[in-house]
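All you need for my numbering is the position in the sequence shown, starting with 1, plus 283.
Positions of the beta carbon are idealized from the N, C-alpha and C atoms, including for glycine.
Have a look at the structure below before the remarks.
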Amino acid sequence: MSVKITRNAAKVIKRELEKEENKGLTLKVFITHAHGDHAHYGLDLVKRSNNDQVVATDKEIDVIIDLNEPLLEGVKIDYLYFPQEGFVITNPSKGNHGDH
284 MSVKITRNAA
294 KVIKRELEKE
304 ENKGLTLKVF
314 ITHAHGDHAH
324 YGLDLVKRSN
334 NDQVVATDKE
344 IDVIIDLNEP
354 LLEGVKIDYL
364 YFPQEGFVIT
374 NPSKGNHGDH
């Protein structure tokens with residue numbers, strides 16, 4: 284299972300994880316809604332449990348992910364500044380390049 288985090292997203296995520304109120308929390312990627320062959324994704328910072336499945340990324344950020352959910356394989360987390368600032372989560376490996 285792989286998760287890709289872009290440089291922009293990694294900067295923002297690391298800044299959030301370093302905040303005192305987020306100490307001990309881990310990034311979680313999940314599906315908020317799935318239909319057909321694609322899904323809509325969400326992010327959260329959560330306290331890790333013993334049952335969580337964690338994937339390491341090349342940006343030194345661990346991500347909790349459901350390894351049994353095929354639409355999470357290859358998910359990409361980006362952070363855009365234009366046209367609207369915020370996280371964008373897609374899955375190019377599954378043909379999902381953004382909201383419709």
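On the criterion of 16 or more Cβ atoms from any shown chain inside 10 Å, does Tyr-364 qualify as buried, or is it exposed?
Around the beta carbon of Tyr-364, a 10 Å sphere encloses fewer than 16 other beta carbons of the protein chains shown; the residue is thus reported as exposed.
Distance check for Leu-350 and Gln-273, CA to CA, integer angstroms please.
In the structure as shown, the chain begins at 284 and stops at 383. Residue 273 is therefore absent and cannot be evaluated.
Any idea what DSSP makes of Ile-344, helix, strand or coil?
When secondary structure is reduced to three states using DSSP, Ile-344 falls in the coil class, being assigned neither helix nor strand.
When burial is assigned at 16 or more other CB atoms within 10 Å of the CB, is Lys-311 buried or exposed?
The residue is buried, with at least 16 neighbouring Cβ atoms inside 10 Å.
Host beta strand (DSSP E) of Leu-310 (start-end):
Element bounds for Leu-310: 308–318.
Report all residues from its chain with a CB closer than 7 Å to the CB of Ala-317; omit the five preceding and five following residues, and keep chain order.
The beta carbon of Ala-317 sits closer than 7 Å to the beta carbons of Leu-354 from its chain, once the five residues preceding and following it are set aside; these are given in chain order.
Ordered along the chain, which non-local residues of its own chain (more than five positions away) have a Cβ less than 7 Å from that of Ser-376?
Closer than 7 Å at the Cβ level, and outside the excluded window around Ser-376, lie Glu-356 and Gly-357.
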